[in-house]
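Numbering (our numbering), first residue to last: 4 to 89.
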(Lines of atoms letter the chains of each structure in order from A and count residues from 1; the text may use other names and numbers.)
(Lines give C-alpha, C1' and ligand atoms only; values in the text may rest on other atoms or scores of the structure.)
Protein backbone atom coordinates (compact mmCIF):
# COMPACT_ATOMS: atom_id res chain seq x y z
CA UNK A 1 0.00 0.00 0.00
CA UNK A 2 1.12 3.55 -0.70
CA UNK A 3 0.63 6.40 1.73
CA UNK A 4 1.48 10.10 1.47
CA UNK A 5 3.36 11.93 4.22
CA UNK A 6 1.14 14.76 5.46
CA UNK A 7 3.15 15.70 8.57
CA UNK A 8 6.73 15.20 9.72
CA UNK A 9 7.17 16.12 13.38
CA UNK A 10 10.96 16.47 13.44
CA UNK A 11 11.22 17.15 17.19
CA UNK A 12 9.93 13.70 18.13
CA UNK A 13 10.69 11.71 14.98
CA UNK A 14 7.09 10.89 14.04
CA UNK A 15 5.28 11.10 10.71
CA UNK A 16 1.60 11.06 9.79
CA UNK A 17 0.57 9.57 6.47
CA UNK A 18 -2.70 9.42 4.54
CA UNK A 19 -3.39 5.99 3.06
CA UNK A 20 -5.13 5.12 -0.20
CA UNK A 21 -8.47 4.76 1.62
CA UNK A 22 -8.24 8.21 3.21
CA UNK A 23 -7.32 6.92 6.67
CA UNK A 24 -4.36 8.18 8.64
CA UNK A 25 -1.28 6.30 9.85
CA UNK A 26 1.05 7.39 12.64
CA UNK A 27 4.59 6.02 12.51
CA UNK A 28 7.86 6.60 14.32
CA UNK A 29 11.06 6.96 12.32
CA UNK A 30 13.62 4.32 13.24
CA UNK A 31 16.20 5.23 10.60
CA UNK A 32 16.60 7.99 8.01
CA UNK A 33 15.12 11.40 8.76
CA UNK A 34 15.13 12.24 5.02
CA UNK A 35 11.36 12.37 4.66
CA UNK A 36 9.39 15.35 3.41
CA UNK A 37 5.71 16.19 3.32
CA UNK A 38 4.31 14.85 0.05
CA UNK A 39 6.67 11.84 -0.13
CA UNK A 40 5.01 8.54 -0.99
CA UNK A 41 5.89 5.69 1.35
CA UNK A 42 5.18 2.14 0.20
CA UNK A 43 4.85 -1.00 2.30
CA UNK A 44 2.60 -2.97 4.66
CA UNK A 45 1.33 -0.64 7.38
CA UNK A 46 -0.85 -3.04 9.35
CA UNK A 47 1.78 -4.39 11.76
CA UNK A 48 3.05 -2.80 14.94
CA UNK A 49 6.71 -3.65 14.65
CA UNK A 50 9.64 -1.96 12.95
CA UNK A 51 9.62 -2.68 9.24
CA UNK A 52 11.43 -1.37 6.20
CA UNK A 53 9.41 0.75 3.80
CA UNK A 54 10.31 2.37 0.49
CA UNK A 55 10.24 6.13 0.01
CA UNK A 56 9.22 6.42 -3.64
CA UNK A 57 10.25 10.10 -3.76
CA UNK A 58 13.96 9.33 -3.40
CA UNK A 59 14.06 5.52 -3.69
CA UNK A 60 15.48 5.27 -0.14
CA UNK A 61 14.53 2.63 2.37
CA UNK A 62 13.21 3.85 5.71
CA UNK A 63 12.54 1.90 8.90
CA UNK A 64 9.27 2.80 10.60
CA UNK A 65 7.49 1.62 13.72
CA UNK A 66 3.76 1.89 12.99
CA UNK A 67 1.76 3.07 16.01
CA UNK A 68 -1.69 3.37 14.44
CA UNK A 69 -3.52 2.76 11.18
CA UNK A 70 -7.00 3.59 9.90
CA UNK A 71 -7.11 6.60 12.19
CA UNK A 72 -9.15 9.73 11.66
CA UNK A 73 -7.25 12.96 11.12
CA UNK A 74 -8.33 14.15 14.58
CA UNK A 75 -7.07 10.93 16.22
CA UNK A 76 -3.70 11.21 14.46
CA UNK A 77 -3.31 14.83 15.56
CA UNK A 78 -4.26 13.94 19.13
CA UNK A 79 -1.68 11.12 19.16
CA UNK A 80 1.07 13.49 17.97
CA UNK A 81 0.03 16.17 20.48
CA UNK A 82 0.28 13.60 23.28
CA UNK A 83 3.82 12.70 22.19
CA UNK A 84 4.97 16.32 21.91
CA UNK A 85 3.58 17.13 25.37
CA UNK A 86 5.63 14.36 27.00
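Beta carbons are placed, not taken as given, at the ideal position from N, Cα and C, and that holds for glycine. Just so you know, these numbers come straight off a predicted model, no measurement behind them.
According to the neighbour-count rule (16 or more other Cβ atoms, all chains shown, within 10 Å of its Cβ), is residue 61 buried or exposed?
-> Here residue 61 refers to the residue found at position 58 when the chain shown is read from its first residue. Per the 10 Å Cβ criterion, exposed.
Inter-residue Cα distance where the pair is residue 51 and residue 75 = Position 48 of the chain shown, counting from 1, holds the residue named residue 51. Position 72 of the chain shown, counting from 1, holds the residue named residue 75. Their backbone Cα atoms lie some 18 Å apart in a straight line.
Going by alpha carbons, who is nearest to residue 68 out of 53, 78, 29?
-> Taking the first residue of the chain shown as position 1, residue 68 is located at position 65. Comparing Cα positions, the closest option is 53.
Based on the DSSP output, what are the partners of residue 74 in its beta bridges?
-> Within the chain shown, residue 74 is the residue found at index 71, counting from 1. DSSP, once it has assigned bridges, lists 27 as partnering residue 74.
What are the boundary residues of the beta strand (DSSP E) that includes residue 44?
-> By one-based count along the chain shown, residue 44 stands at place 41. Run containing residue 44: 43-45, per the beta strand (DSSP E) assignment.
What does a CB cutoff of less than 8 Å around residue 23 pick up in its chain, not counting 5 residues either side in sequence?
-> As a working note, residue 23 is residue 20 in the chain shown. Contacts found: 4, 5, 6.
In angstroms with no decimal places, state the Cα-to-Cα distance between residue 44 and residue 81.
-> Locating residue 44 in the chain shown gives position 41, where the first residue counts as 1. Locating residue 81 in the chain shown gives position 78, where the first residue counts as 1. C-alpha separation (whole angstroms): 22 Å.
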